[in-house]
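Student: Have a look at the structure that comes next, please.
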Amino acid sequence: MDWNNILTNVAGEFFAPTTAAYALAAIGLNIHFGLTGLINMGQAGFMLLGAYGFAISTIAGWPLWAAMLVAVACAAVFGLILGIPTLKLRGDYLAIVTIAAAEIVRLIGRSTALTELTGASSGLRGNDYKHTFQDSSPFGDGNFQLGPFDYSMSASNSWWVRIVGWTVVGLACLLVWLLIRSPWGRVLKGIREDEDAVRSLGKNVYSYKMQALILGGCIGALAGILYVLPRAVQPDSMGRPMTFFVWTILLLGGAATVFGPVLGSIIFWASLMLIKSVMRAGVPDSIMRTEQIEQFGWIVVGVTLMLLIIFRPQGILGDKKELAIDVR
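In this text, residue positions in the sequence shown follow this note's numbering: the first is 3, and each later residue adds one.
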């Protein structure tokens, strides 16, 4: 078993673009759930809309900044449409509606009626929309090796994607930190704990919930852009499992914390890579094939989530007095 190669792959997940994208999506979900108490099970829908908005706009010839604005605007409009009829719902009812809304987005995206726009189930090829982002890189072409990590400077899975992705994650963490300390953030916490009490103080609870839903959704749209920069836009890859992974990451790191989503994403993807790499190297094909090892890795993720909610509902960085999921 080549432990050097295994540990290198695991360490690479610490700062991979996918890790950054999921951390950013979990930060958006943290605004929904950690700050406001909204059980949004459709974060993947915001991510998919952001990816489609960015890719379609870029293919149409729009510049990078305009395509990103389109992606954020799509998420904001989706949040508004989703929130108007649903934000008066609580708990499980809101969860059911949001997961259904995300599925509607996915099914519309893979519809053959929109093949020319979305690519239907085949999606949109990365080479059709990545050029504006790659052209904005100040590093030029070629590869750069840092220790055991050797990536291109500006191509799909590049240092440029990593630098931009983790910079955006850092800015999002700063935003959450400022929101938690602001009067606006304190109102959201009050809504999370007892929205009737906040309403009795004259606050428009519905308006605050809408603002939180849209803001977290827009961050999710940016996460969707970051997620598809190293790959293609494929609607089935951004369905229900993606939302469950984002929830696992948030609960693992700790909801209602600033760095919980980041820590959760790093641990989640590094642990998954470790499990798969060790099993591929140590388990013979006669016992478990490669595709079975992939599925086993996700089974471990599911079991971990269950154990986490039972024994450590506040997450690694969370404060049990601040927020914990009631599993009684």
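C-beta: ideal position from N, C-alpha, C; glycine also.
Check for me: the alpha helix (DSSP H) holding residue 45 runs from which residue to which?
Tutor: Annotation for residue 45: the continuous alpha helix (DSSP H) segment containing it runs 45-61.
Student: Give every residue of the same chain whose Cβ lies closer than 8 Å to the Cβ of residue 51, excluding the five residues on either side of it in the sequence, and list them in chain order.
Tutor: 73, 76, 77, 80, 107, 223, 226
Student: Beta-carbon separation of residue 46 and residue 245 under 7 Å?
Tutor: Cβ distance < 7 Å, so residue 46 and residue 245 count as in contact.
Student: Quick one: what does DSSP say residue 166 is sitting in, helix, strand or coil?
Tutor: helix
Student: Are the region 203-220 and the region 5-17 touching by the rule of at least three beta carbon pairs closer than 8 Å?
Tutor: no
Student: Among 42, 110, 137, 134, which residue has its Cα nearest to the Cα of residue 85?
Tutor: Comparing Cα positions, the closest option is 42.
Student: Go ahead and pull the three-state DSSP assignment for residue 328.
Tutor: The pLDDT assigned to residue 328 is 48, lower than 50, so where the model puts this residue is not dependable, and the model offers no usable value.
Student: Counting pairs of beta carbons, one from the region 234-251 and one from the region 108-116, are three or more of them closer than 8 Å?
Tutor: yes
Student: Quick check: the Cα distance between residue 125 and residue 21, rounded to an integer number of angstroms?
Tutor: If you take the alpha carbons of residue 125 and residue 21, they lie about 22 Å apart.
Student: Kindly identify the DSSP beta-bridge partner or partners of residue 138.
Tutor: DSSP, once it has assigned bridges, lists no residue as partnering residue 138.
Student: Over the uninterrupted alpha helix (DSSP H) stretch that includes residue 210, give me the two end residues.
Tutor: 207-230
Student: Report the residue from 200, 272, 162, 263 whose alpha carbon sits nearest the alpha carbon of residue 228.
Tutor: 162
Student: What does DSSP give as the partner residue(s) for residue 145 in the beta ladder?
Tutor: 154
Student: For residue 192 versus residue 30, is the C-beta spacing smaller than 7 Å?
Tutor: no
Student: With a 10 Å radius around its C-beta and 16 neighbouring C-beta atoms as the bar for buried, classify residue 120 as buried or exposed.
Tutor: buried
Student: Identify, in the order they occur along the chain, each residue of the same chain with its Cβ nearer than 7 Å to the Cβ of residue 282, setting aside the five sequence neighbours on each side.
Tutor: 292, 295
Student: Bridge partners for residue 288 per DSSP, in chain order?
Tutor: BP columns for residue 288 are empty, so no partner.
Student: Considering only heavy atoms of the ligand MG, does any lie closer than 6 Å to the CB of residue 65?
Tutor: The ligand MG is not part of this structure, which contains no ligands at all.
Student: Could you check if residue 15 is buried or exposed, using at least 16 other CB atoms within 10 Å of its CB as the buried criterion?
Tutor: Residue 15 is classed as buried because its beta carbon has at least 16 other beta carbons within 10 Å across all chains shown.
Student: Could you give the uninterrupted runs of the alpha helix (DSSP H) lying entirely in the region 164-202, keeping only those of 4 residues or more?
Tutor: DSSP runs (the alpha helix (DSSP H)) wholly in the region 164-202: 185-202.
Student: Is the CB-CB distance between residue 26 and residue 260 below 7 Å?
Tutor: no
Student: Tell me which residues share the same chain as residue 257 and place their Cβ nearer than 7 Å to its Cβ, disregarding the 5 neighbours each side in the sequence.
Tutor: 32, 35, 36, 317, 320, 325
Student: Could you pull the DSSP bridge partners for residue 160 from this structure?
Tutor: 154
Student: With DSSP as the reference, identify every bridge partner of residue 235, one or two as the case may be.
Tutor: 126
Student: Please list the terminal residues of the continuous alpha helix (DSSP H) segment that includes residue 5.
Tutor: 5-15
Student: If we ignore side chains and look at the alpha-carbon of each, how far apart do residue 297 and residue 267 end up?
Tutor: 19 Å
Student: Measure the Cβ-Cβ separation of residue 11 and residue 275 and say whether it is below 7 Å.
Tutor: Yes; because the gap between Cβ atoms is below 7 Å, this pair is in contact.
Student: Would residue 62 and residue 131 be called neighbours here (beta carbons separated by less than 7 Å)?
Tutor: no
Student: If you draw a straight line from the C-alpha of residue 188 to the C-alpha of residue 202, how long is it?
Tutor: 15 Å
Student: Run through DSSP, which three-state label would residue 39 get?
Tutor: Three-state DSSP puts residue 39 in coil, outside helix and strand.
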